[in-house]
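Those sequence lines, one after another, are chains E and H.
For the first sequence, position 89 (counting from the first letter as 1) is numbered 89 according to this note's numbering, and the numbering increases by one without interruption.
In short: position in the second sequence from 1, add 281, done, that's this note's numbering.
Built from N, CA and C at the ideal position, the CB exists for glycine as well.
Just below is one structure, and these are the notes that go with it.
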Amino acid sequence: MNASASGMSPRGSISIREVTKIYDPDGAKVLAVDNCSMEIEAGEFCVLVGPSGCGKTTLLNAIAGFHGITTGEIWLDGELLCSGARTPSPGADRIVVFQNGALFPWFTVLENVTFGPVVQGGMSKAEAHDRARTMLGQMGLMGIENNYPSEISSGMRRRVEIARAMMNDPRVLLLDEPFRAMDALTKTVVHQFLLDVYDKSRKTVFFITHDLEEAIFLGSKVYIMTTRPARIKKVLDVDIPRPRDFRALSSATYLRLKQECIEAVHEEALKAFKAGEREMA
Amino acid sequence: MTTNVDALPQAAEAKAPNSWTIALFNLRLWLKSSTPYLNLLGLAGFVLLWYLLTEYFKVPYFEKLPGPVASFREWVSEDPAYGISLYTPDYYQHIGTSVMRVLKAFVLATLLGVPLGLFMGWKKIFRDYTFPLLETLRPIPMLAWVPLSILMWPGREASIVFLTFLGSFFATVLNTLLGVESIDEVYFRAAHSLGAKPRHVFFKIILPGSLPFVFTGLQISMGFAWFSLVAGEMLAGEYGLGYLIWNSFILVQYPVIIIAMVTLGVIGWLSSALIRLVGDRLMQWKVREACR
C-alpha cells in the first residue's frame, strides 16, 4: 500500500505550534488550550498528563479532526494538518481509541477489526478477514472473533479496539484515557498489551491520561499539563529501557520520575481545586 | 496451547452459542420459573370473573353482556346459532380479509416509514423540513381521516387500507427517528476515524444501530394498524373482524362480538410476537447481550 509503512522512513511526527482553542458556546469565551507547543517525533510514545477537564482532549480531538482550533498550527509529517483556518476531516491515518470504548456493539469482533480496511476499500473482505485473524492471533486474541463486544470482558474489548486501530496501519494512534474505567488488575494486562503493540510497531502514540503512574510506565516522554487553560508545565524524558514490564514499576528511575511528577501535578491539582472553590462561591 | 480449551474457565466466552440454543435455553428457563403458570392463572381468573358477573350472578349492567360459556359454545359449535364458529368458512373469510388488510398497510408503512425515519435522523436538513409536519399530522386521530379517505380513494377497500396504513406509519417513522438519535455520537466519530464514507455510516452505523428502536416501533405500529383497521371496518366494510363486530351488534348476535374480539386479541398478539421473533433474529448482538 505504502512504502513508508514498512519502516524505511519513520512516519507520524507531530508538530504542535502555538495552538490556542477558545470555546465560544454562548458568548462566554472559555479558553481551553492556551498557546501550547510540542514536538513529537515519529515513533514516540508521548503521554499528556493533567487534571480532568484541562483541555487535553481538545488537543487530541483537533489532531483527530473532530473539531478545529482557534489559532496556531498542527503539522503531521511536514504537512499542515490543522490551523485556525483549516479543520481536517477525520481519517484512518489518525485513529482514536475512545475513553468509554467505541467497538460497534452490532458487529462481531472480526467485523469490528476489519471495519477500517473494508470501508476504505483497500482490501477485499476475505483478505481483511485473513489479516485480522493473523493479527488477533499475534496479539493473543484468538478464539473470540465471532463474539459480539458485549460477550467479552472489558479488558478484551480494549485490546480488540487497539487491534482495530492497528489494522489500518495509522501514522498516529490517539488514545483518550482509554483505560480510565478499569480496575487495577485489568489495567496491568492492557498496559502490557499496549507496550507490546508499541514495541512491535513503533507507531507514534499520543496518549492522554490523568494517571501519573500509567504515564511514566508507558511513555517515552511525559508532558505535564496545567489546569485549564492547558499549557505545558513540564516535560519529562522517561529513560526506562524498553521492552518494559511490571518490574519497571519498582526501578529507581521510575520512582524518581514519579516523585518529580507528583510535585508538579500536585501544584496544578491544588490550583484546579481552588479555582473550583472560587466558582462555587 | 489451544488444545486444552475446556480446562480454561475463561475459554467459555470463545464459544458463540447459536440462536436456537439460546431460544431453547430461554424456553426451558421460562418453563421452570413461575411466570407461565402465573400468566395462565391471571387469564383464568379474568374469565372466571367475567363468568360470575355475566352468567352466574347476573350482576346488573353485566347481565346484558354475552358470557364466556355462551360465547365459547357458539365458537366451537358445528351448527352455530348466529352463523359464525370454528366450523364456518365465513369466520375464516373475516379473519383472512382483516389480516390481508393489515399486512398490506403494515408492509407499506414499514417500507416507507423506516427509510424516512432513517433519513430524518441522518440528515439534519431533511429533518428540519419534515419534523414539524410529522408532529402535526401524527396526533390527528385516525377517525378524523375517515371522510378524506373516503373522498380520496375509490371503493372502501383502498380507504380501509389507507386508514390502517396511516395509524401504522407515524409510529414507525417516529420510532425509527428516535432509534437514530439513540446512537451514541462516539460510534459516528469512530466510524469517521476509521475512514467510513457517508454510505458506510448509513448502512453500517445508522441502520444496525437504530434497529432495536425500529423493532419496538414496528410492534407499536402493528398495534396501531389493528386499531385503525377495526375503526375503518366498522365504518365501511363487507368483511373483516371489525365489520363482524359492528354487524353482530346491529343484528343482536352478541356472542359473535366476543368471538371476533378474542380472535382480534389473539391475532394481534401473534403478530407482535412474530415481529419480535424477526427482530431477535436480526439482532443477535442484542439477544446475546441480554443473556449475560
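*Give the interface partners of E:Glu213 over in chain B, defined as CB-CB distance under 8 angstroms, in chain order.*
Here the protein chains are E and H, and chain B is not one of them.
*How about E:Tyr23: is its C-beta nearer than 8 angstroms to some C-beta of chain H?*
no
*Measure from the alpha carbon of E:Arg17 to the alpha carbon of each residue in E:Leu270, E:Val222, E:His129 and E:Thr70, then state which is nearest.*
E:Thr70
*If we count the other Cβ atoms within 10 Å of its Cβ and call it buried at 16 or more, is E:Glu145 buried or exposed?*
buried
*How do the region 427-434 of chain H and the region 481-500 of chain H stand: do at least 3 beta-carbon pairs fall below 8 angstroms, yes or no?*
no
*asked:* Checking 8 angstroms against the spacing of the C-beta atoms, do E:Cys165 and E:Ile262 come in under that value?
replied: Correcting the residue identity first, residue 165 of chain E is Ala in this sequence and not Cys. No, the Cβ-Cβ distance between E:Ala165 and E:Ile262 is not below 8 angstroms.
*Leaving out the 5 sequence neighbours to the left and right, which residues in its chain are closer than 8 angstroms to H:Met433 when beta-carbon positions are compared?*
Ser440 and Phe443
_H:Leu415 versus E:Ser124 - alpha carbon distance_ = 42 angstroms
*Under the rule that 16 or more other beta-carbon atoms within 10 Å means buried, what is E:Ala252, buried or exposed?*
exposed
*In three-state terms, what does DSSP make of E:Ser15?*
strand
*asked:* Under 8 angstroms, with one C-beta from each stretch per pair, do the region 73-91 of chain E and the region 135-151 of chain E reach the 3-pair mark?
replied: no
*Report the rounded CA-to-CA distance for H:Thr417 versus H:Leu458, giving the unit in angstroms.*
16 angstroms
*Out of curiosity, what's the CA-to-CA distance linking H:Arg569 and E:Val33?*
43 angstroms
*asked:* I'd like to check one pair, E:Phe115 with H:Leu475: are the Cβ atoms closer than 8 angstroms?
replied: yes
*Helix or strand or just coil, what does DSSP make of E:Asn35?*
strand
*Using the C-alpha atoms, what's the distance from E:Asp196 back to E:Leu249?*
16 angstroms
*What is the rounded straight-line gap between the Cα of H:Phe450 and the Cα of E:Phe207?*
48 angstroms
*Residues of the region 147-166 of chain E whose Cβ lies closer than 7 angstroms to any Cβ of chain H, in chain order*: Asn147, Tyr148, Ser150, Glu151 and Ile152
*So, is the C-beta of H:Glu570 closer than 8 angstroms to a C-beta in chain E?*
yes
_Contacts that E:Gly116 makes with chain H (C-beta to C-beta distance below 7 angstroms)_ = Leu475 and Gly476
*Inspect the CB distances between the region 478-488 of chain H and the region 520-528 of chain H and report whether three or more fall short of 8 angstroms.*
no
*asked:* Tell me which residues share the same chain as H:Val350 and place their Cβ nearer than 7 angstroms to its Cβ, disregarding the 5 neighbours each side in the sequence.
replied: Tyr332 and Glu336
*Looking at H:Ser352 and H:Ile548, is the spacing between their C-beta atoms short of 8 angstroms?*
no
*chain E beta carbons: is any one of them nearer than 8 angstroms to that of H:Ala471?*
yes
*asked:* Please tell me whether E:Arg231 and E:Cys36 are closer than 8 angstroms, where the distance is taken between their beta carbons.
replied: yes
*How would you list, in chain order, the residues of chain E whose beta-carbon sits under 8 angstroms from the beta-carbon of H:Pro489?*
Phe104, Trp106 and Phe107
*Looking at the C-beta of E:Pro88, does it have a partner C-beta in chain H at a distance below 8 angstroms?*
no
*Unbroken stretches of the beta strand (DSSP E), 3 residues or longer, contained in the region 128-202 of chain E*: 172-176
_Please tell me whether E:Phe273 has its Cβ less than 8 angstroms away from any Cβ of chain H._
no
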